[in-house]
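Sequence order for the protein chains is A and B. To convert, count from 1 in the first sequence and add 214; that's my numbering. To convert, count from 1 in the second sequence and add 5; that's my numbering. For glycine and all other residues, C-beta sits at the position ideal for the given N, C-alpha and C. The structure appears below as structure tokens.
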Amino acid sequence: MFLVSANRSATTPSPAQRAALFWNETAAWGATFLTPAQGAVQARFGTGQTNTNLVYTRPSSIGSAYTRTSAMHSGTTETLCVNGAVVQTATGRRTTLSGIQNTALLGRGLSNTAFSGDIVEVIVYSRNLSDAERQQVENYLQQTYFPSGATATPTRTPTSGPTATPTRTPTSTPTSTPTPSGGSAFQEQSGQVVMEAENFADSISRNSQSWIKRTDVAGSVGTGFMRAEPDSGAAIDDTNYPTTRPELRYRVQINTPGTYYVWLRGYATDDSNNSVHVGLNGQAAASADKISTSTFNGWAWIQSTRDGPVATVNISSAGLHTISIWMREDGFRVDRVLLTTNSSLTPSGNGPAESPRQ
Amino acid sequence: VTDYDGFAAIDTASVTVQGPIPATGLGLWLRADTGVTLNGTAVSQWADQSGNNH
């Protein structure tokens, strides 16, 4: 199990308490956890064997910096790593994990004690990793979050974090304005980028409406499509929609700046659910709002706007950008997004293959 | 990942997916930049990217 996290509390908890990742036990010494506190990184794999906590005391200078921590159980050996370096190895452990609940808690430990910090990435394997594989994961996490040093502040904005106060909704505050970042951006190639709607980077609910992944209409591409719900006939907002209507965000790496024609593979059943807004970098785009279709009860590639011209966005610089889709009429379904600099391209059928992500 | 009183419910499983980390045996993958659902500015869901759809 691998974590990238920061802990805001200087208090070092008892090992199983205030864990970032925690499986409770069904039998004694079955609890399994990873607790990256400021003063110590603590972990255990439940086997029924007693006194098997892995504990690494780390310098107080770590403070609330983000660090990578990982714990591995391989045969009779257990290993604890911090920022890719092995800090503790234990041998003579029972081989088989046992006495562990199937369901884990994220951001909670024993007795529902909350992890006091932010968690930005979690990776769990159900098998042993080779040294090379472990290094591959460590390299990925380092390059993603710490490109300039082991304990630097992640270059990505942390977007989640169970907090010290237990709530149904984690209450950390991601930036509301999209900040293009690295990671899984779709790559524009030869003036084209294609994205499955369900492969969004962020989905933002507003005014009790959300984009929901669905699979109940045949003919979509990928693993499903996104539908603005509930389909309650909410009033159209053509002015303040960037802050009032649910939004899907897609990060794209643009190498060819210019005017991009916007195509959506969408599905409507009637005039009450046949339009949507598209924008760039969190801002409304008058050239791509009110995209509408008059094809009903079938998937269709659409680019027309209610204003008349076909939808376009002007991406004036190379680099990372964010494409947003905002609900205009609830009930609209979107399956795919295609941006192209080719004005004569008219997608048909499923359209081109999805663009690679990096 | 299922939101449950502020917890995330996770079952372990194995799938094969493409990506920058080994796919075999990957049971859970939560990423900061993908699959985050916001309710306003608060995170309401964090979608598993392992392919297990937790």
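- Between the stretch 452-471 of chain A and the stretch 520-538 of chain A, the count of C-beta pairs closer than 8 angstroms reaches three or more; the two stretches touch.
- By the neighbour-count criterion, in which 16 or more other beta carbons inside 10 Å mark a residue as buried, Pro273 (chain A) falls on the exposed side.
- Beta-carbon to beta-carbon, Leu248 (chain A) and Ala257 (chain A) are separated by about 5 angstroms, close enough to satisfy the 8 angstroms threshold.
- In this structure, Ser489 (chain A) places its C-beta atom within 9 angstroms of the C-beta atom of Thr507 (chain A).
- A straight line joining the alpha-carbon of Gly512 (chain A) with that of Ala482 (chain A) spans about 7 angstroms.
- The Cβ atoms of Asn221 (chain A) and Gly331 (chain A) sit closer than 9 angstroms to each other.
- Cβ proximity to chain B below 9 angstroms picks out Gly321, Arg322, Asn326, Ala328, Ile333, Val334 and Glu335 from the stretch 321-335 of chain A.
- A distance of 9 angstroms or more separates the beta carbons of Ala514 (chain A) and Asn469 (chain A).
- DSSP lists A:Asn221 as the bridge partner or partners of Gly331 (chain A).
- Using a Cβ distance threshold of 9 angstroms, Asn297 (chain A) and Gln356 (chain A) count as a contacting pair.
- Remark: three or more beta-carbon pairs, one from each stretch, lie closer than 8 angstroms, so the stretch 336-346 of chain A and the stretch 24-39 of chain B are flagged as touching.
- For Ile418 (chain A), the nearest beta carbon of chain B is closer than 9 angstroms to its own beta carbon.
- Spanning the alpha carbons of His491 (chain A) and Thr526 (chain A) requires a straight line of approximately 11 angstroms.
- Excluding the 5 residues flanking it on each side, Leu319 (chain A) has same chain C-beta neighbours closer than 7 angstroms at Phe236, in chain order.
- In this model, Asn564 (chain A) and Asn353 (chain A) are separated by some 36 angstroms (Cα to Cα).
- Minimum Cα-Cα distance from Asn495 (chain A) among the listed residues A:Val334, A:Ala415, A:Ala285 and A:Glu443 corresponds to A:Ala415.
- Listed along chain B is no residue with a C-beta nearer than 7 angstroms to that of Ile505 (chain A); the closest approach is about 23 angstroms.
- Unbroken beta strand (DSSP E) runs of no fewer than 3 residues, entirely contained in the stretch 450-485 of chain A, are found at 461-468 and 472-481, following chain order.
- DSSP, reduced to helix, strand and coil, places Arg36 (chain B) within a strand of the structure shown.
- Between Gly289 (chain A) and Thr309 (chain A) a beta carbon distance of about 6 angstroms is seen, short of the 8 angstroms cut, so the two are scored as contacting.
- The contact set of Ile537 (chain A) on chain B, defined by CB atoms closer than 7 angstroms, is empty, because the minimum CB distance reaches about 15 angstroms.
- Put simply, the backbone Cα of Leu35 (chain B) is about 19 angstroms away from that of Ile426 (chain A).
- The Cβ atoms of Val334 (chain A) and Ser219 (chain A) sit closer than 9 angstroms to each other.
- Close CB contacts of Cys295 (chain A) within its chain, under the 6 angstroms cut and outside five residues either way in sequence, are with Ser284 (chain order).
- Look at Asn454 (chain A): its C-beta is not under 9 angstroms from any C-beta on chain B.
- Against Gln350 (chain A), the close residues of chain B are Ile26 and Pro27, in the order they occur along the chain (beta-carbon pairs closer than 7 angstroms).
- Within chain B, Pro27 have C-beta atoms less than 7 angstroms from the C-beta of Glu347 (chain A), given in sequence order.
- Apart from the 5 residues on each side of it in sequence, Ser312 (chain A) sits with its Cβ closer than 8 angstroms to the Cβ of Ala241, Gly244, Gly260, Thr261 and Gly262 in its chain, given in chain order.
- Check the Cα spacing between Val269 (chain A) and each of A:Ala279, A:Val300 and A:Tyr280: the tightest is with A:Val300.
- Boundaries of the beta strand (DSSP E) harbouring Ala47 (chain B): Ala47 to Trp51, taken from the DSSP string.
- Among the CB atoms of chain B, none fall inside 9 angstroms of the CB of Val408 (chain A).
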